[in-house]
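Enquirer: Under this note's numbering, the first residue of the sequence shown carries the number 55, and numbering increases by one thereafter.
The structure is given below, and queries will be raised subsequently.
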Amino acid sequence: MTLVKKHIYFIGIGGISMSGLAEILNSRGYLVSGTDVKETAVTRRLQQLGITVHFGHRAENITDDISLVVYTAAIHEDNPELQEAHRKGIQIMDRAQLLGQIMDEYRHSVAVSGTHGKTTTTSMVSEILLAAKKDPTITVGGILPTIHSNLKIGHSPYFVAEACEYFDSFLRFHPFVGIILNVESDHLDYFKTLENIRRSFHAFACQIPSDGMLVIYEGIEHLEELTHCLSCQTETFGFSEQANWTAKQIRHTADGKNSFDVYHNGTFFAAVQLQIPGEHNITNALAAIAACAFLGISPEDCIKGLLHYTGTERRFQIKGEKNGVTVIDDYAHHPTEIKAVLAAAQNVAHRRTWCVFQPHTYSRTRFLFEEFAEAFHDADEIIIADIYAARETDDGTVSAAQLAERISQTGKSARYVGDFSAIEAYLQAHCQAGDLLMTLGAGDIYKIGEDFLN
Numbered sequence: 055m056t057l058v059k060k061h062i063y064f065i066g067i068g069g070i071s072m073s074g075l076a077e078i079l080n081s082r083g084y085l086v087s088g089t090d091v092k093e094t095a096v097t098r099r100l101q102q103l104g105i106t107v108h109f110g111h112r113a114e115n116i117t118d119d120i121s122l123v124v125y126t127a128a129i130h131e132d133n134p135e136l137q138e139a140h141r142k143g144i145q146i147m148d149r150a151q152l153l154g155q156i157m158d159e160y161r162h163s164v165a166v167s168g169t170h171g172k173t174t175t176t177s178m179v180s181e182i183l184l185a186a187k188k189d190p191t192i193t194v195g196g197i198l199p200t201i202h203s204n205l206k207i208g209h210s211p212y213f214v215a216e217a218c219e220y221f222d223s224f225l226r227f228h229p230f231v232g233i234i235l236n237v238e239s240d241h242l243d244y245f246k247t248l249e250n251i252r253r254s255f256h257a258f259a260c261q262i263p264s265d266g267m268l269v270i271y272e273g274i275e276h277l278e279e280l281t282h283c284l285s286c287q288t289e290t291f292g293f294s295e296q297a298n299w300t301a302k303q304i305r306h307t308a309d310g311k312n313s314f315d316v317y318h319n320g321t322f323f324a325a326v327q328l329q330i331p332g333e334h335n336i337t338n339a340l341a342a343i344a345a346c347a348f349l350g351i352s353p354e355d356c357i358k359g360l361l362h363y364t365g366t367e368r369r370f371q372i373k374g375e376k377n378g379v380t381v382i383d384d385y386a387h388h389p390t391e392i393k394a395v396l397a398a399a400q401n402v403a404h405r406r407t408w409c410v411f412q413p414h415t416y417s418r419t420r421f422l423f424e425e426f427a428e429a430f431h432d433a434d435e436i437i438i439a440d441i442y443a444a445r446e447t448d449d450g451t452v453s454a455a456q457l458a459e460r461i462s463q464t465g466k467s468a469r470y471v472g473d474f475s476a477i478e479a480y481l482q483a484h485c486q487a488g489d490l491l492m493t494l495g496a497g498d499i500y501k502i503g504e505d506f507l508n
């Protein structure tokens, strides 16, 4: 990577991906600093590594010795630090471009894309490579318990990363192995249409070199549109006999965990046991196995790695139990993800399922309003919290109360409560022994479950 000088500045350094990139460059001897809005466990870790972290975005943080400023999609043009970098003529690069440049240095890079399942599948690939003692560099969008972090800096040609489609970020990558888990409507504030999303995923697949491989889910609609004109090898995964990689003899334990036999082109490959529930995680595991097998990893190491994977933070994470009520938290913030998580919960013995959902961004809630309304079929009691704005502002076109009302119209027991303290009081009064309490969303809804337990 050709970075002229030594000082790299990250705007939004506390983000899960930005912090990982900052650590990688810090480990290589660059002077790294950055800013974020508040102190977190992530920023404290960075400070312990000797990285200077400012709190609050201010123009004076952009000093003359900075040679490169890195920013994320969450940073707007009116950000004072970004404006000051422009004024001083400092080189500016977005997060995805930097990650792509770093990834290019690794011969065996794996980029995991898809509307859902990226963090879980990236973690599965990582666990398999760790089991095979390949010493990979890992950057994942959640805390992986095995490495106690979202990042591991390895010393080998293996690099594993998530590839997010938002703002076409993943088009900065040229992975040796690319995975496409699924392609659905999301981030419509940027893409506008599903067709634009599909074009973006096809462009991602075209980035894979001729000696590399695309691993793609067989169930994607009009699959041939995404795989035509590719120079690389392509293999599919799924549940049909036509898929290159498929699962048979699927079995569920009493606590919902899966075991199954994996077949490659009709030939038995391995008997796999997962420590996490959900049919969607079977397909995630198939994708991880397909990618790793192409890299020469043995069936035995695939089995070992997947058996060791107990889940990533905020992915069907069992937080604890209180008065017989089991609390589970999940990052699910898209209708398909909600359906998958609630379906997985059906394989766990319980009385009733309470689902507390915090919609993530006004645009997603508005664009997928009807899909959200139909996503809670497997929940018995649904509580909708206020919308988590993230990078957006409320324009008054959609509300959490409207979503709760629409869900009620589908025949489900749904209510808008909004305020966290009111939600917690309602749950304390109504949850009973044997119930599952599930908190879903990409914001800070996990606090509900934690407070319930405390």
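Note that CB positions come from ideal geometry on N, CA and C, so glycine has one too.
Fair warning: this is a prediction, and the values are worked out from it, not measured in the lab.
Could you tell me which residues DSSP puts in a beta bridge with asparagine 115?
Expert: None; asparagine 115 has no bridge partner.
Enquirer: Would you say the segment 352 to 361 touches the segment 181 to 197, given that touching needs at least three Cβ pairs under 8 Å?
Expert: Contact holds: three or more Cβ-Cβ distances are below 8 Å.
Enquirer: Taking the beta carbon of valine 58 as the centre, do at least 16 other beta carbons fall within 10 Å, making it buried, or is it exposed?
Expert: Model confidence at valine 58 stands at a pLDDT of 46, short of 50, so the residue's coordinates are unreliable and nothing is read from them.
Enquirer: When DSSP labels each residue in this structure, what does phenylalanine 421 get in the three-state scheme?
Expert: It is helical.
Enquirer: Only counting the same chain, and skipping five residues up and downstream in sequence, which positions put a Cβ closer than 7 Å to that of valine 214?
Expert: The answer, listed in chain order, is Val164, Thr176, Val179, Ser180, Leu183, Pro190 and Ile192.
Enquirer: Let me confirm a value: glutamate 375 is counted as buried when at least 16 other C-beta atoms fall within 10 Å, else exposed. Which label applies?
Expert: Exposed, because fewer than 16 other Cβ atoms sit within 10 Å of the Cβ of glutamate 375.
Enquirer: According to DSSP, what are the bridge partners of aspartate 383?
Expert: DSSP lists Gln371 and Thr493 as partners of aspartate 383.
Enquirer: According to the Cβ coordinates, are alanine 347 and leucine 490 closer than 8 Å?
Expert: For alanine 347 and leucine 490, no; Cβs fall outside 8 Å.
Enquirer: Of the residues Asp132, Val379 and Ala324, which one's Cα is nearest the Cα of glycine 39?
Expert: Outside the modelled stretch of the chain, which goes from 55 to 508, sits residue 39, for which no answer is possible.
Enquirer: Pop quiz: threonine 380 and isoleucine 372 are said to be a contact at Cβ under 8 Å. What is the actual Cβ separation, rounded to whole angstroms?
Expert: Threonine 380 to isoleucine 372, Cβ: 7 Å. Contact.
Enquirer: Would alanine 257 and leucine 225 be called neighbours here (beta carbons separated by less than 8 Å)?
Expert: Contact flag set, yes.
Enquirer: How would you write the range of the alpha helix (DSSP H) that histidine 140 sits in, first residue to last?
Expert: Per DSSP, histidine 140 belongs to the alpha helix (DSSP H) from 134 to 142.
Enquirer: Leaving aside the five residues before and after methionine 55 along the sequence, list all residues of the same chain whose C-beta is less than 7 Å from its C-beta, in chain order.
Expert: With a pLDDT of 48 at methionine 55, under the threshold of 50, the modelled position of this residue cannot be trusted; read the value that follows with caution. Counting only Cβ-Cβ distances below 7 Å, and skipping sequence neighbours, we find Gln155, Ile156 and Glu159.
Enquirer: Counting only the same chain and skipping the five closest in sequence on each side, list residues whose C-beta sits under 7 Å from that of alanine 76.
Expert: Correct list, in chain order: Phe64, Ile67, Val86, Gly88, Leu100 and Ile105.
Enquirer: Name the DSSP beta bridge partners of serine 294, please?
Expert: Serine 294 is not bridged to any residue.
Enquirer: At which residue ranges does the segment 296 to 367 contain complete alpha helix (DSSP H) runs of 4 or more residues, listed in the order of the chain?
Expert: Those alpha helix (DSSP H) runs which fall completely within the segment 296 to 367 and span 4+ residues are 333 to 348 and 353 to 362.
Enquirer: To the nearest whole angstrom, what separates the beta carbons of isoleucine 78 and isoleucine 251, a pair I think is in contact under 8 Å?
Expert: Not confirmed; about 29 Å, so no contact.
Enquirer: Of the choices Ile382, Ile144, Leu103 and Thr407, whose alpha-carbon is the least far from that of alanine 113?
Expert: Ranking Ile382, Ile144, Leu103 and Thr407 by Cα distance to alanine 113 puts Ile144 first.
Enquirer: Residues in the same chain with beta-carbon distance under 6 Å from alanine 386, minus the five sequence neighbours each way, listed in chain order, please.
Expert: So the list reads Ile392, Val395 and Leu494, once near-sequence residues are dropped.
Enquirer: Taking the alpha-carbon of arginine 406 as reference, which of Gly332, Glu424, Arg368 and Leu481 has the nearest alpha-carbon?
Expert: For arginine 406, the nearest C-alpha among the options comes from Leu481.
Enquirer: Over the uninterrupted alpha helix (DSSP H) stretch that includes isoleucine 182, give me the two end residues.
Expert: Note, isoleucine 182: alpha helix (DSSP H), 172 to 185.
Enquirer: Going along the chain, which residues of its own chain have a beta-carbon closer than 8 Å to the beta-carbon of leucine 153, five neighbours each way excluded?
Expert: So the list reads Ser71, Leu75, Thr193, Ala215, Arg226 and Phe227, once near-sequence residues are dropped.
Enquirer: Cutting at 6 Å between CB atoms, please list the residues of its own chain near valine 123, excluding the five before and the five after it.
Expert: Tyr63, Ala139, Ile144 and Ile146, listed in sequence order.
Enquirer: Go ahead and label glutamine 412 buried or exposed: buried means 16 or more other beta carbons lie within 10 angstroms of its beta carbon, across all protein chains shown.
Expert: Buried.
Enquirer: What is the DSSP secondary structure of alanine 455, counted as helix, strand or coil?
Expert: Three-state result, alanine 455: helix.
Enquirer: Taking DSSP as the reference, what is the three-state secondary structure of alanine 151?
Expert: Rather than alanine, the amino acid found at residue 151 in this sequence is glutamine. Glutamine 151 falls in the helix class under three-state DSSP.
Enquirer: Suppose you measure from the CA of leucine 235 to the CA of alanine 297; what does that come to, to the nearest Å?
Expert: In a straight line, the C-alpha of leucine 235 is about 14 Å away from that of alanine 297.
Enquirer: Report the CB separation of alanine 443 from threonine 415 in whole angstroms; it is logged as a contact under 8 Å.
Expert: Indeed they touch by this definition, with Cβ atoms about 7 Å apart.
Enquirer: Hey, would you say isoleucine 437 sits closer than 8 Å to valine 410, going by beta carbons?
Expert: Yes; because the gap between Cβ atoms is below 8 Å, this pair is in contact.
Enquirer: Please list, in chain order, all residues of the same chain as methionine 492 whose beta carbon is under 6 Å from its beta carbon, the five residues on each side excluded.
Expert: Taken in chain order, the residues that qualify are Ile382 and Cys409.
Enquirer: With a threshold of 6 Å on Cβ separation, who are the neighbours of serine 81 within its own chain once the five nearest residues in sequence on each side are excluded?
Expert: Contacts found: Ile207.
Enquirer: Would you call the CB atoms of proline 331 and glycine 310 closer than 8 Å?
Expert: Contact: yes.
Enquirer: Are arginine 161 and proline 211 touching if we call contact CB-CB under 8 Å?
Expert: Yes.
Enquirer: What is the DSSP secondary structure of cysteine 485, reduced to helix, strand or coil?
Expert: Residue state, collapsed to three classes: coil.
Enquirer: Cβ atoms of isoleucine 336 and alanine 301: under 8 Å apart, would you say?
Expert: Yes.
Enquirer: Of the residues Val452, Asp132, Asn312 and Ala483, which one's Cα is nearest the Cα of phenylalanine 506?
Expert: Ranking the options by Cα distance to phenylalanine 506, first place goes to Ala483.
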